[in-house]
Amino acid sequence: MSHINVTINGRQYRMACEEGQEVRLLKLAENLQQRVESLRGKFGEIGDARLTVMAALTACDELVDAGARIRSLEEELEQLRNARVAATDRARATQTAVSNALNAAAERIERTTQVLNRTIGGGIAIG
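So for the sequence shown, this note's numbering puts the first residue at 1; every next one is plus one.
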């Protein structure tokens, strides 16, 4: 465990974090501090605790919205995956149908050729 000091709303807090997460924790604290400063600019001095709570609530609001957006995108992704599978299945079915049609046409041509060869070969002499 690592320990770092962060400053939020003029107060220092000693925070523990996993090794290697120090920079991330500092950036999170900076983000919260920026929110506090923005709210202070809008509402003035309304109390340290209230500013901090309001900043945390705005962060939570964004988190809830982001979570909803992620769920929506995951649903859309699942629909697209299902559509891709269905399109692949249709393409395979079409490919099979075309292949079967071509094979049937080739068989008909072969039978017609055999009939013509028997007719021409056994009937009329050309020459």
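The C-beta atom is built at its ideal place from N, Cα and C for all residues, glycine as well. Since the structure is predicted, the reported quantities are computational estimates derived from the model, not experimental observations.
Asked                                                                              : Found
Exposed unless 16 or more other CB atoms sit within 10 angstroms - verdict on ILE8 : buried
ILE120 versus GLN114: straight-line alpha-carbon distance, rounded                 : 10 Å
ALA59 versus GLN34 - alpha carbon distance                                         : 11 Å
Euclidean distance between Cα positions of ILE129 and ALA86                        : No information on residue 129 is available, as it lies outside the stretch 1 to 127 that the chain covers here.
Contact check, THR52 vs VAL64, beta carbons under 8 Å                              : no
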